[in-house]
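Residue numbers (the numbering used here): 2 to 147.
The beta carbon of each residue, even a glycine, is placed where N, CA and C say it ideally should be.
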Amino acid sequence: MNFRKFRKNAKALSPVIATIILIAVTVAVSVVVAAWMGALTIGFMGSAEQASITNVVLANIGGKQNAQVTVQNTGSATVTITSAYIDSNSASFTSGTSVSILKGNSATFNMTVSGVTFANTAQYTIKLMTAKGNTVTSTGTYTGLL
Numbered sequence: 002m003n004f005r006k007f008r009k010n011a012k013a014l015s016p017v018i019a020t021i022i023l024i025a026v027t028v029a030v031s032v033v034v035a036a037w038m039g040a041l042t043i044g045f046m047g048s049a050e051q052a053s054i055t056n057v058v059l060a061n062i063g064g065k066q067n068a069q070v071t072v073q074n075t076g077s078a079t080v081t082i083t084s085a086y087i088d089s090n091s092a093s094f095t096s097g098t099s100v101s102i103l104k105g106n107s108a109t110f111n112m113t114v115s116g117v118t119f120a121n122t123a124q125y126t127i128k129l130m131t132a133k134g135n136t137v138t139s140t141g142t143y144t145g146l147l
């Protein structure tokens, strides 16, 4: 008889304990998902290109329009500049077909452009394209001095 009385009053779980268990499981799953998403984000962002043009010098040397450009790589991956434009006109690198800049470094390189004649005190837009398809843009003013 005591056994029946005990069984009749026993409950599997109280609602309070069931709620605490559900909250604990939800928090644990959200921590796992957050860690997974964080790892994905770091994986994608870890090789991000971050470059900026820090200096532009425009000159007319020997009848050719030249630009000397300094680029700073502040990202966590090497930046490779594959093409360049000055006011939408294609520019060519004077040494090689591309310029690579290691992370944390800067590089200065020269370009020549045809189809543009620099005018004194005029501003020109320099646009550099990277191997990953990113664009770095700046402006330079031709002063006629050098």
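**Asked** With distances taken between CB atoms, is the gap from V57 to S139 smaller than 8 Å?
**Response** Reading the sequence shown from its first residue, position 56 is the one you call residue 57. Reading the sequence shown from its first residue, position 138 is the one you call residue 139. Against a cut-off of 8 Å, the Cβ pair of S139 and V57 comes out as a contact.
**Prompt:** Relative to the C-alpha of I87, which residue among Q73, N111 and V17 is closest?
**Reply:** As a first step, residue 87 is located in the sequence shown; it is residue number 86 there, counting from the start. That would be N111, whose Cα lies nearest to the Cα of I87.
**Asked** Hey, out of S91, T118, Q66 and S84, whose CA is closest to V100's CA?
**Response** Mapped onto the sequence shown, residue 100 falls at position 99. Considering only alpha carbons, the answer is S84.
**Message:** Is any non-hydrogen atom of the ligand HEM found closer than 7 Å to the C-beta of L59, if you look at the structure I gave you?
**Reply:** Among the ligands in the structure shown, none appear at all, so the ligand HEM cannot be discussed.
**Request:** Using only alpha-carbon positions, find the residue among T144, A123 and I127 that is nearest to V137.
**Result:** Here residue 137 corresponds to residue number 136 of the sequence shown, with the count starting at 1. The shortest Cα separation from V137 among T144, A123 and I127 belongs to I127.
**Prompt:** What first and last residue would you give for the beta strand (DSSP E) that runs through F94?
**Reply:** Working through the sequence shown from its first residue, we reach residue 94 at position 93. For F94, the enclosing beta strand (DSSP E) stretches over residues N90 to F94.
**Message:** Between the alpha carbons of S89 and A40, how many angstroms are there, rounded?
**Reply:** As a working mapping, residue 89 is identified with position 88 in the sequence shown. As a working mapping, residue 40 is identified with position 39 in the sequence shown. Taking the straight line from one Cα to the other gives about 39 Å.
**Request:** Measure the CB-CB distance between N61 and I102 and report whether it falls below 8 Å.
**Result:** By 1-based counting over the sequence shown, the position of residue 61 is 60. By 1-based counting over the sequence shown, the position of residue 102 is 101. Not in contact: N61 and I102 (Cβ atoms no closer than 8 Å).
**Asked** Rounded C-beta distance between M72 and A92? I'm assuming under 8 Å.
**Response** One-based indexing of the sequence shown puts residue 72 at position 71. One-based indexing of the sequence shown puts residue 92 at position 91. Residue identity differs from the one stated: residue 72 is Val in this sequence, not Met. Not quite, the Cβ-Cβ distance comes to about 14 Å (not below 8 Å), so this is no contact.
**Item:** Bridge partner(s) assigned by DSSP for V72
**Value:** Residue 72 sits at position 71 when you count from the first residue of the sequence shown. For V72, which the question treats as bridged, DSSP gives the partners I54 and A108.
**Message:** What does the alpha-carbon distance come out to for the pair N116 and A68?
**Reply:** Indexing the sequence shown from 1 puts residue 116 at position 115. Indexing the sequence shown from 1 puts residue 68 at position 67. Per the sequence presented here, residue 116 reads as Gly, with Asn not at that position. Distance between the alpha carbons of G116 and A68: 14 Å.
**Request:** Count the other C-beta atoms from every protein chain shown that fall within 10 angstroms of the C-beta of L23, then say buried if there are 16 or more, exposed otherwise.
**Result:** Stepping through the sequence shown from its first residue, residue 23 is reached at position 22. That one is exposed.
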